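Notes to accompany the following structure.
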Amino acid sequence: MAKKKIINKKSMAFLEKYLNNASPTGYEWDGQKIWMDYLKPYVDEFITDAYGTAVGVINPKAKYKVVIEGHADEISWYVNYITDNGLLYVIRNGGSDHQIAPSKWVNIHTKKGIVKGVFGWPAIHTRNSSKEEPPKLDNIFIDLGCSSKEEVEKLGVHVGCVITYPDEFHVLNKDKFVCRAIDNRAGGFMIAEVARLLHENKKELPFGLYITNSVQEEIGLRGAQMITETIKPNVAIITDVCHDTTTPMINKIKEGETKIGAGPVISYAPAVQNKLRERIIETAESKSIPFQRMAASRSTGTDTDAFAYSNGGVPSALISLPLRYMHTTVETVHKDDVENVIRLIYETLLTIKEGETFSYFD
Ligand SMILES: [Zn+2]
Numbered sequence: 202m203a204k205k206k207i208i209n210k211k212s213m214a215f216l217e218k219y220l221n222n223a224s225p226t227g228y229e230w231d232g233q234k235i236w237m238d239y240l241k242p243y244v245d246e247f248i249t250d251a252y253g254t255a256v257g258v259i260n261p262k263a264k265y266k267v268v269i270e271g272h273a274d275e276i277s278w279y280v281n282y283i284t285d286n287g288l289l290y291v292i293r294n295g296g297s298d299h300q301i302a303p304s305k306w307v308n309i310h311t312k313k314g315i316v317k318g319v320f321g322w323p324a325i326h327t328r329n330s331s332k333e334e335p336p337k338l339d340n341i342f343i344d345l346g347c348s349s350k351e352e353v354e355k356l357g358v359h360v361g362c363v364i365t366y367p368d369e370f371h372v373l374n375k376d377k378f379v380c381r382a383i384d385n386r387a388g389g390f391m392i393a394e395v396a397r398l399l400h401e402n403k404k405e406l407p408f409g410l411y412i413t414n415s416v417q418e419e420i421g422l423r424g425a426q427m428i429t430e431t432i433k434p435n436v437a438i439i440t441d442v443c444h445d446t447t448t449p450m451i452n453k454i455k456e457g458e459t460k461i462g463a464g465p466v467i468s469y470a471p472a473v474q475n476k477l478r479e480r481i482i483e484t485a486e487s488k489s490i491p492f493q494r495m496a497a498s499r500s501t502g503t504d505t506d507a508f509a510y511s512n513g514g515v516p517s518a519l520i521s522l523p524l525r526y527m528h529t530t531v532e533t534v535h536k537d538d539v540e541n542v543i544r545l546i547y548e549t550l551l552t553i554k555e556g557e558t559f560s561y562f563d
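Just so we're aligned, residue 202 is where the sequence shown starts under the working numbering, counting upward by one.
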């Protein structure tokens, strides 16, 4: 039986607008405003904090609090050094990939607005074919079309300006979404869609729901670390992206096997609370939502860790969206997986009772 579609025209328009806006780590507020505008009809109030994390709250007076969470930021670069002849060298802001930089257009964010540039690269003709130099952090550079440092500074570009890629949202072969920053703009999108479905289906939750869009995940889960102390949740369900490991040159023995189109990926890791995870799996099984499994040694590397290891321990779990080509400008996900993550979070929430501890000892 075909399941009812979740993503509609209005949500697609939101997703596209939300993705096409740059939201580099540390500079997320414009994206947060777009997200809050979309979420507003579906929540009672918002909490925001000093670093830009935004939380839409349903039932703010309830004592028992459940978080659903994604992260708002995207990887970017910082201008680190300007040469006398007007070229820029960069450092990472998050896990930006030096290998994909050459020949990319960039947007440099300045007080005067966006300044365009390109990552240059020596022509194939001029390279030593027996000793190819791969792109590295210390040899990639940006050309703004300037011939001196003074000319660069006149454009408003200085050390500390943040740099993003201009790549925008596209649909590939009807049901694949392609863009930079689907990691993790998809997360913010999916949790907002959960709120919309709760509202449209007139579901009354017996607890406070905190729809949380954390900043600064890409540099070490920092936004989640901050907001979990503010919310003090009883339960947290986190969503982020994980790798499709079925594309070339990925070792499945090392990385495991997960792929786009095969459903949400449920994580096993010490930070993932077992009873909460089993609730999610039982929900997927009873609602016929396809899912995949993934194991993580030590930490999950996602905001799950930040929530789990806060406030004396918060039962937390991770539902990931499989994605191809993470941290490139052509991150690719399957529309069906996006809808199934939304479904799985939504249906799991409907099973949570006020006051549930998920204790192993009850
Ligand atoms: Zn990432």
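Backbone N, C-alpha and C fix where the C-beta goes; we use that ideal spot for every residue, glycine too. Computed from a prediction, not measured in an experiment: that's the story for all the values here.
- Annotation for Trp-278: the continuous beta strand (DSSP E) segment containing it runs 277–283.
- Here Leu-422 carries a coil assignment [DSSP, helix/strand/coil].
- In this model, Thr-484 and Leu-545 are separated by some 7 Å (Cα to Cα).
- Within the same chain, Cβ atoms closer than 7 Å to the Cβ of Asn-222 are found at Asp-231, Gly-232 and Ile-235, the five residues on either side in sequence being excluded.
- Annotation for Asp-538 indicates a beta carbon at 6 Å or more from all heavy atoms of ligand 1.
- Looking from the CA of Lys-241, the closest CA among Ile-392, Lys-355 and Lys-206 belongs to Ile-392.
- Rounded to the nearest whole angstrom, the C-alpha separation of Phe-390 and Pro-434 is 21 Å.
- Runs of the beta strand (DSSP E) spanning 3 or more residues and lying entirely within the region 309–394 occur at 314–320, 363–365, 371–373 and 377–380, in chain order.
- Counting other Cβ atoms within 10 Å of its Cβ, His-272 reaches 16 or more and is therefore classed as buried.
- Comparing C-alpha distances from Ile-341 to each of Trp-278, Gly-295, Leu-398 and Cys-362 shows the shortest one belongs to Trp-278.
- Within the region 394–476, the complete beta strand (DSSP E) segments at least 3 residues long are 409–415, 436–444 and 466–469, listed from N- to C-terminus.
- Here DSSP, grouped into helix, strand and coil, assigns Tyr-228 to coil.
- Burial check for Arg-499: the Cβ neighbour count within 10 Å stays below 16, so the residue is exposed.
- Per DSSP, Met-495 is one residue of the beta strand (DSSP E) stretching across 493–496.
- Asp-504 is not a Cβ neighbour of Leu-406, given a cutoff of 7 Å.
- At a threshold of 6 Å, Asp-506 does not count as near ligand 1, since its beta carbon sits no closer than that to any of the ligand's heavy atoms.
- Ranked by how close their Cα comes to the Cα of Glu-229, the residues Leu-410, Val-363 and Val-539 have Val-363 in first place.
- In this structure, the CA atom of Phe-408 is about 57 Å from the CA atom of Gly-287.
- When C-alpha distances from Ile-259 are compared across Gly-253, Ser-511 and Ile-248, the shortest belongs to Ile-248.
- Under DSSP, Pro-523 takes part in a beta bridge, and its partners are Cys-443.
- With respect to the C-alpha of Thr-431, the residue from Tyr-547, Ala-251, Lys-312 and Asp-238 having the closest C-alpha is Ala-251.
- Counting the other CB atoms within 10 Å of its CB gives Phe-562 a total below 16, which places it among the exposed residues.
- An exposed status is given to Gly-513, since fewer than 16 other beta-carbon atoms sit within 10 Å of its beta-carbon.
- A contact is defined here as three or more CB-CB pairs under 8 Å, and the region 377–390 meets this definition with respect to the region 525–542.
- Between the alpha carbons of Asn-308 and Ala-324 lies a distance of about 23 Å.
- In the three-state scheme derived from DSSP, where H, G and I count as helix and E and B as strand, Ser-304 is classed as coil.
- Gly-424 and Pro-449 have their C-alpha atoms roughly 33 Å apart.
- Between Tyr-243 and Lys-205, the alpha-carbon positions lie close to 20 Å from each other.
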